[in-house]
Amino acid sequence: MTSDRDPQLLKGVLPMLTLAALTHDESYGYELVAALRAAGLAELSTGTLYPVLTRLERDGLVTSRLVASSSGPARKYYRPSDAGLAALRTQRASWAALVATADRVLRAAAETAAAGTAATDTAPTAAPTHPEGTR
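Mapping of the sequence shown onto our numbering: residues 345 to 479, in sequence order.
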């Protein structure tokens with residue numbers, strides 16, 4: 345995540361991205377943060393991801409299990425539940441539709457702006473206006 349990225353955009357898609365990342369293999373929180381950072385969310389923090397994992401688990405979209413770790417406390421591994429996989433399919437379709445709509449709107453705006461610039465560049469220069477009574 346670059347510093348010029350709107351955090352609200354990430355907030356809206358992070359649950360979907362988390363579910364998608366977990367479809368590859370079960371993972372614990374910090375490992376999942378590292379994977380999402382490697383995918384392009386460079387500034388993602390554990391403090392952002394752990395509440396998402398908690399909500400996903402509370403909503404029944406992920407399951408978890410504790411696994412003993414030789415290097416410290418037990419790790420909580422997450423994987424999508426069947427409901428989570430179904431939710432991810434729905435979210436992917438919704439995301440694709442939203443992206444297509446946003447692309448259409450942004451493309452139309454760019455074309456309008458480009459046409460406006462071209463019209464301004466080719467428009468004849470307006471005749472100077474004269475103050476009242478000086479004609």
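Positions of the beta carbon are idealized from the N, C-alpha and C atoms, including for glycine.
Minimum C-alpha distance to residue i - residue among the options
i    : options                   : result
Y374 : L385, T390 and G404       : T390
L400 : S414, A457, V357 and A378 : V357
M360 : R451, A458, A440 and T461 : A440
S408 : S438, D369, Q435 and A386 : D369
Q352 : L388, A383 and A378       : L388
D348 : A437, V396 and A386       : A386
T398 : G384, A382, S415 and Y372 : Y372
Residue i vs residue j beta-carbon contact at 7 Å
i    : j    : result
L363 : L432 : yes
L366 : P424 : yes
Span of the beta strand (DSSP E) around residue i
i    : result
R423 : G416 to P424
T390 : Element bounds for T390: not the beta strand (DSSP E) but the alpha helix (DSSP H), T390 to R402.
A412 : V406 to S413
Whole-Å CB distance - residue i paired with residue j, under 8 Å assumed
i    : j    : result
A418 : A412 : 5 Å
V406 : Y394 : Their Cβ separation, rounded to whole angstroms, is 12 Å, which puts V406 and Y394 out of contact at 8 Å.
K420 : L410 : 6 Å
Boundaries of the alpha helix (DSSP H) in which residue i is found, first to last residue
i    : result
L361 : P351 to L366
L380 : G373 to A382
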